[in-house]
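Colleague: Would you mind keeping the following structure in view while I ask a few things?
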Amino acid sequence: MATERCRAREFGLVIGGLQTGAHNAITDVAGVRVGHRTVIKGEGKCKIGEGPVRTGVTAILPAPDDLFVSKLQAGVHIINGFGKSVGLMQVAEVGTIETPILITNTLNVSKVADGLLDYLIMDKGLDAPSINPVVMECNDYYLSDICGRHMGKTEVVAAIEAASDGLVTEGSVGAGTGTAAYGFKGGVGTSSRIVSCGEQRFTVGALVVTNMGKPDQLRICGKPVGKKLMEQGVDPALGGSIIMVLATNAPLSSNQLRRVAARATHGLARTGSYSGNTSGDIVLAFSTARRMPLLPEQPILTLPEVSDNHIDMFFTAAADAIEESILNAMFMAETLIGRDGNTLCALPLDKVKPLLK
Numbered sequence: 318m319a320t321e322r323c324r325a326r327e328f329g330l331v332i333g334g335l336q337t338g339a340h341n342a343i344t345d346v347a348g349v350r351v352g353h354r355t356v357i358k359g360e361g362k363c364k365i366g367e368g369p370v371r372t373g374v375t376a377i378l379p380a381p382d383d384l385f386v387s388k389l390q391a392g393v394h395i396i397n398g399f400g401k402s403v404g405l406m407q408v409a410e411v412g413t414i415e416t417p418i419l420i421t422n423t424l425n426v427s428k429v430a431d432g433l434l435d436y437l438i439m440d441k442g443l444d445a446p447s448i449n450p451v452v453m454e455c456n457d458y459y460l461s462d463i464c465g466r467h468m469g470k471t472e473v474v475a476a477i478e479a480a481s482d483g484l485v486t487e488g489s490v491g492a493g494t495g496t497a498a499y500g501f502k503g504g505v506g507t508s509s510r511i512v513s514c515g516e517q518r519f520t521v522g523a524l525v526v527t528n529m530g531k532p533d534q535l536r537i538c539g540k541p542v543g544k545k546l547m548e549q550g551v552d553p554a555l556g557g558s559i560i561m562v563l564a565t566n567a568p569l570s571s572n573q574l575r576r577v578a579a580r581a582t583h584g585l586a587r588t589g590s591y592s593g594n595t596s597g598d599i600v601l602a603f604s605t606a607r608r609m610p611l612l613p614e615q616p617i618l619t620l621p622e623v624s625d626n627h628i629d630m631f632f633t634a635a636a637d638a639i640e641e642s643i644l645n646a647m648f649m650a651e652t653l654i655g656r657d658g659n660t661l662c663a664l665p666l667d668k669v670k671p672l673l674k
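Sequential numbering of the sequence shown, starting at 318, is according to the working numbering.
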């Protein structure tokens, strides 16, 4: 009898030694909200523009107030740059984000960015000559009519308006609707860790959209699960790319956030990925604690900052939260049939359990 879908911890796995937040999600970072718009329609042979569609938009709202007038510090790390993200160049240059963070499929990036701009300008009244929308992507062509480019402002607004600060829906939702992971069905996953720094406690949260890896690479808690499953006759598909977002309420500078983002590589690698040639493996990290005013009253800003002598536990938290987020995406995702009858099968948890003993 097949095991019901559950998160990694419910399955009995413990990643690392740090405590999780209340929801074990990126929304454990105060002020951060997540929303999805999922589109599943049609079946059978693909006809461009008509479907079948298995895609969506995931929105991460980093703060409850106006990001444009009070920006957040951020850092970017590109593990392998085979990607079509929008907005990351400016984030890397100036170290701030000023809009919600959106994730969608590869060929919808420009439409989603346009939808976000239209939402900010026309719906929210933002009047500015330069706005830097951040939109990242994974390629869901195997299940979805990607060339139909079915996402736009309607889906952007729906994802933003659905955003909440509670439990995050995982698996085949939002930007992860049509994506894979190590040849199985993947999707959206999230996790969090609590870090003690001096007398204060901070939260590091992660959210991923998986689409990476070859089946025989999958490792869970160090065990070569993918290789063993293939020996049992499981026949997964192939995939590529992963988007990883890290959030914290610790006062980290943009350079420190870039360094924290780089540690996502370790969490990804623990699950087996080596970031292949056509895998767009992108990490964005931001802090809710350091706000950068659009029009500062003084020419010199004085901002709190964690000492580099105390940053190691944030590195640990990032790696552990990313690893668990990837597992949560796979453990929660269900089998999905898409265009042309293509199928991504859920990771068979009943077969995984004995392989971890």
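The beta-carbon is built from N, C-alpha and C at its ideal position, and this holds for glycine as well.
Count the other C-beta atoms from every protein chain shown that fall within 10 angstroms of the C-beta of Ile617, then say buried if there are 16 or more, exposed otherwise.
Modeller: By the 10 Å Cβ count, Ile617 comes out exposed.
Colleague: Quick one: Cα of Ser642 to Cα of Glu410, how far?
Modeller: The straight-line gap from Cα to Cα measures roughly 28 Å.
Colleague: Taking 8 Å as the cut-off, is the beta-carbon of Ala634 closer than that to any non-hydrogen atom of the ligand SAH?
Modeller: This structure does not include the ligand SAH; it has no bound ligands of any sort.
Colleague: Taking the alpha helix (DSSP H) that His583 falls in, what are its first and last residues?
Modeller: Segment 581-587, the alpha helix (DSSP H) holding His583.
Colleague: Are Asp533 and Ser558 close, meaning C-beta to C-beta below 9 Å?
Modeller: No, the Cβ-Cβ distance between Asp533 and Ser558 is not below 9 Å.
Colleague: Kindly indicate the opening and closing residues of the alpha helix (DSSP H) around Lys545.
Modeller: Residues 542-548.
Colleague: The alpha helix (DSSP H) spanning Asn749 covers which residue range?
Modeller: With the chain running from 318 to 674 in the structure shown, residue 749 is simply not present.
Colleague: Please report how far the alpha carbon of Ala564 lies from the alpha carbon of Ala606, in whole angstroms.
Modeller: Cα to Cα, Ala564 sits roughly 10 Å from Ala606.
Colleague: Could you round the C-beta distance between Thr355 and Gly373 to whole angstroms and report it? I think they count as a contact, below 8 Å.
Modeller: Right, the Cβ-Cβ distance comes to about 4 Å (below 8 Å), so this counts as a contact.
Colleague: Spatial neighbours of Cys464 within its chain, please: C-beta separation below 6 Å, excluding the five flanking residues on both sides.
Modeller: Answer for Cys464: Ile365, listed in chain order.
Colleague: Taking the beta carbon of Asp637 as the centre, do at least 16 other beta carbons fall within 10 Å, making it buried, or is it exposed?
Modeller: Flag for Asp637 reads buried.
Colleague: Assign Ser681 to one of three DSSP states: helix, strand, or coil.
Modeller: The requested residue 681 is not part of the displayed model; the chain covers only 318 to 674.
Colleague: How should Thr660 be labelled, buried or exposed, when 16 other C-beta atoms within 10 angstroms of its C-beta is the threshold for buried?
Modeller: Thr660 comes out exposed.
Colleague: Can you give me the C-alpha to C-alpha distance between Leu433 and Asp457, rounded to a whole angstrom?
Modeller: If I take the Cα positions, the gap works out to 21 Å.
Colleague: Hey, would you say Leu601 sits closer than 9 Å to Ile414, going by beta carbons?
Modeller: Their beta carbons are under 9 Å apart, which means Leu601 touches Ile414 by this criterion.
Colleague: For Ile463, does the three-state DSSP call read helix, strand or coil?
Modeller: Of the three classes helix, strand and coil, the one that applies to Ile463 here is helix, per DSSP.
Colleague: What are the partner residues of His353, as DSSP defines its beta bridges?
Modeller: Answer is Thr375.
Colleague: Just how far apart, CA to CA, sit Thr320 and Lys502?
Modeller: Cα to Cα, the separation comes out at about 15 Å.
Colleague: Which one or two residues does DSSP pair with Thr507 in a beta bridge?
Modeller: The partner list for Thr507 (beta bridge, DSSP) reads Leu524.
Colleague: Hey, quick one: how far does the beta strand (DSSP E) through Asn422 stretch, first residue to last?
Modeller: Unbroken beta strand (DSSP E) run through Asn422: 418-422.
Colleague: Within 10 Å of its beta-carbon, does Val562 have 16 or more other beta-carbons around it, so buried, or fewer, so exposed?
Modeller: Label assigned to Val562: buried.
Colleague: How is the alpha helix (DSSP H) around Ile560 delimited, first residue to last?
Modeller: Looking at the DSSP string, Ile560 is not in any alpha helix (DSSP H); the run it does join, the beta strand (DSSP E), is 559-565.
Colleague: What residues in its chain sit with their C-beta under 7 Å from that of Val473, if we drop five residues either side in the sequence?
Modeller: So the qualifying residues of the chain are Val374, Leu419, Val429, Gly432, Leu433, Tyr436.
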